[in-house]
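For any residue, its number in this note's numbering is found by taking its place in the sequence shown, counting from 1, and adding 1. Backbone N, C-alpha and C fix where the C-beta goes; we use that ideal spot for every residue, glycine too. Report on the following structure.
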Amino acid sequence: MITRRGVAVAVCSLSTFIVNIDNTAYQVALTQIRDTLPATFAQGQWILNGYILTLAALEIVAGAFGDRFNKRSLLVAGLIVYIAGSLLTALAPNAIALIAARVLAGVGASILVPVGLAMVRVLARSARELQGFTGAWGAVVGLGMASGPLAGGFISGTLGWRMLPVATAALAAVFAVLAVVFLPSTPVRNSPRHDWTGIMALGVVMFGVIGGFIAVGQRGLVTAAGLFAGVTVVVAGLAIRRARIGAFPIPRQACQSRKFRAAMSVAVGNYFCVGGAIFLLATGYFQGAQHLSVLAAGAGLVPLAVGYAVGARVSPVIMGRYGPFQAVIAAGLLMLASSVAVAVLVGAGAGVAVVSAVAACLGAGMGMANTPTNALAMSELPVEYAGASGAFASTARQVGQ
Numbered sequence: 002m003i004t005r006r007g008v009a010v011a012v013c014s015l016s017t018f019i020v021n022i023d024n025t026a027y028q029v030a031l032t033q034i035r036d037t038l039p040a041t042f043a044q045g046q047w048i049l050n051g052y053i054l055t056l057a058a059l060e061i062v063a064g065a066f067g068d069r070f071n072k073r074s075l076l077v078a079g080l081i082v083y084i085a086g087s088l089l090t091a092l093a094p095n096a097i098a099l100i101a102a103r104v105l106a107g108v109g110a111s112i113l114v115p116v117g118l119a120m121v122r123v124l125a126r127s128a129r130e131l132q133g134f135t136g137a138w139g140a141v142v143g144l145g146m147a148s149g150p151l152a153g154g155f156i157s158g159t160l161g162w163r164m165l166p167v168a169t170a171a172l173a174a175v176f177a178v179l180a181v182v183f184l185p186s187t188p189v190r191n192s193p194r195h196d197w198t199g200i201m202a203l204g205v206v207m208f209g210v211i212g213g214f215i216a217v218g219q220r221g222l223v224t225a226a227g228l229f230a231g232v233t234v235v236v237a238g239l240a241i242r243r244a245r246i247g248a249f250p251i252p253r254q255a256c257q258s259r260k261f262r263a264a265m266s267v268a269v270g271n272y273f274c275v276g277g278a279i280f281l282l283a284t285g286y287f288q289g290a291q292h293l294s295v296l297a298a299g300a301g302l303v304p305l306a307v308g309y310a311v312g313a314r315v316s317p318v319i320m321g322r323y324g325p326f327q328a329v330i331a332a333g334l335l336m337l338a339s340s341v342a343v344a345v346l347v348g349a350g351a352g353v354a355v356v357s358a359v360a361a362c363l364g365a366g367m368g369m370a371n372t373p374t375n376a377l378a379m380s381e382l383p384v385e386y387a388g389a390s391g392a393f394a395s396t397a398r399q400v401g402q
């Protein structure tokens, strides 16, 4: 039986679904984008990374806002900003304009992920219901990442890459209407005392860390060194500030929970493996070594999505028998082994069938990991920190990716 709360959970999940499609769909479409704009290799990397960098840098701030302000209003605002960024992406006349539009879409997306997960936490009335809701949320969100290459390949290959942001903007508009109709208003009566200065500083740290790794990937070692040095200064400032006045942007419960820390660590490793494997397979293997079209490259990653669907179904069984902590560890190990196998096979020039089979294992590991990671992140902190919980879980994934 479909309930109003069930529809509300679906709206929150699907709003984040489009964020993860954006994370991976453009990796398949990037070759076409570079050829038609045109764009240099470095600009192409920023078309991908500008969105991810903005998303990761702002999620912690957006999560704290979710604990302070009405979650439904924030979610709708995030969808509107995302729609604006997506439409500007479709209309971008050159690479610089496209990068700027992707950054704007990332601003909206940074609100959708933590606030959507926080709303799911608020909707749950029991621990069992929370596990079910976060399981559904994780399945839909992870499927977005796994199916992004297929969507990107299909739309770009048949209609052109500019229709990709148009499609996601149309979906976001539908979700915005559904959010207004089905999501409950959540006025904040007992807002937790967040360390806003520390939260802003943590956002700067995320920007520096991810920007530094992006710069390393583009061989901008001087830029990377400057960013990492800045991160070191900010982290040192946070440590001094904590020693003097006891203020810290991360809730004490999160720092003290071994399970929460383990879940965040696996989330980083999980998305590092998946994000790297998708990029390697979509651009380096299927389009590069195999010389497949964008559509065929997207289809080549279907086993990844199928594996994810299987893993997402298996995960609740493991959680029910062994608990989410053990499920996270098992999935993390499977992810690591599969990603290493993908790298070795691609480097050795293995056939498409072999690489696709290993990609299916990679998807299964991702599907197994998402549900217990979300369950641990949301259950280990009090409900008044729902926004912060969702933000840390999502930021961990973005750092990995």
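Member of the options whose CA lies at the smallest distance from the CA of residue i
i: residue 79; options: 98, 59, 157; result: 59
i: residue 243; options: 152, 54, 295, 198; result: 198
i: residue 286; options: 224, 305, 352; result: 352
i: residue 108; options: 8, 61, 300; result: 61
i: residue 10; options: 232, 132, 325; result: 132
i: residue 184; options: 163, 227, 75, 290; result: 75
i: residue 69; options: 27, 32, 115; result: 115
i: residue 187; options: 119, 230, 345; result: 119
i: residue 393; options: 200, 46, 339; result: 200
i: residue 56; options: 89, 165, 211, 302; result: 211
i: residue 93; options: 268, 165, 225, 5; result: 165
i: residue 204; options: 37, 357, 65; result: 65
i: residue 313; options: 361, 289, 365; result: 365
i: residue 130; options: 34, 380, 97; result: 380
Residue range of the alpha helix (DSSP H) that includes residue i
i: residue 47; result: 42-69
i: residue 230; result: 222-246
i: residue 33; result: 5-37
i: residue 110; result: 96-124
i: residue 300; result: 295-301
i: residue 176; result: 164-183
i: residue 90; result: 72-92
i: residue 363; result: 353-380
i: residue 186; result: Run containing residue 186: none; DSSP gives neither H nor E here.
i: residue 258; result: Residue 258 -> no alpha helix (DSSP H), and no H or E assigned at all.
C-alpha distance - residue i paired with residue j, whole-angstrom precision
i: residue 39; j: residue 49; result: 15 Å
i: residue 86; j: residue 99; result: 9 Å
i: residue 52; j: residue 341; result: 26 Å
i: residue 217; j: residue 151; result: 28 Å
i: residue 122; j: residue 386; result: 10 Å
i: residue 272; j: residue 367; result: 8 Å
i: residue 274; j: residue 246; result: 39 Å
i: residue 236; j: residue 230; result: 10 Å
i: residue 306; j: residue 233; result: 38 Å
i: residue 148; j: residue 240; result: 41 Å
i: residue 29; j: residue 311; result: 23 Å
i: residue 288; j: residue 375; result: 34 Å
i: residue 309; j: residue 332; result: 11 Å
i: residue 101; j: residue 90; result: 8 Å
i: residue 41; j: residue 34; result: 10 Å
i: residue 296; j: residue 71; result: 41 Å
i: residue 222; j: residue 267; result: 28 Å
i: residue 263; j: residue 128; result: 20 Å
Expected contact under 8 Å - CB spacing of residue i and residue j to nearest Å
i: residue 372; j: residue 294; result: That belief does not hold up - the Cβ atoms of residue 372 and residue 294 are roughly 34 Å apart, past 8 Å.
i: residue 299; j: residue 145; result: Actually they are not in contact, since the Cβ atoms of residue 299 and residue 145 sit about 14 Å apart, beyond 8 Å.
i: residue 170; j: residue 156; result: That pair is no contact at about 13 Å.
i: residue 343; j: residue 281; result: 7 Å
i: residue 228; j: residue 213; result: 4 Å
i: residue 278; j: residue 172; result: Incorrect: roughly 25 Å between the Cβ atoms, too far for contact.
i: residue 404; j: residue 338; result: Absent from the structure is residue 404, since the part of the chain shown begins at 2 and ends at 402.
Cβ-heavy atom distance, residue i to the ligand MN, below 7 Å
i: residue 119; result: This structure lacks the ligand MN; in fact it carries no ligand of any kind.
Item to check | Segment contact, 8 Å Cβ cut-off, at least three pairs: the segment 63-82 with the segment 163-182 | outcome: Touching, yes.
Checklist entry - Does the segment 14-25 come close enough to the segment 128-145 to have 3 or more Cβ pairs within less than 8 Å? => result A contact exists between the segment 14-25 and the segment 128-145.
Next on the checklist: Below 8 Å, how does it come out for the segment 165-176 and the segment 305-325: are there three or more Cβ pairs, yes or no?
Outcome noted: Touching, no.
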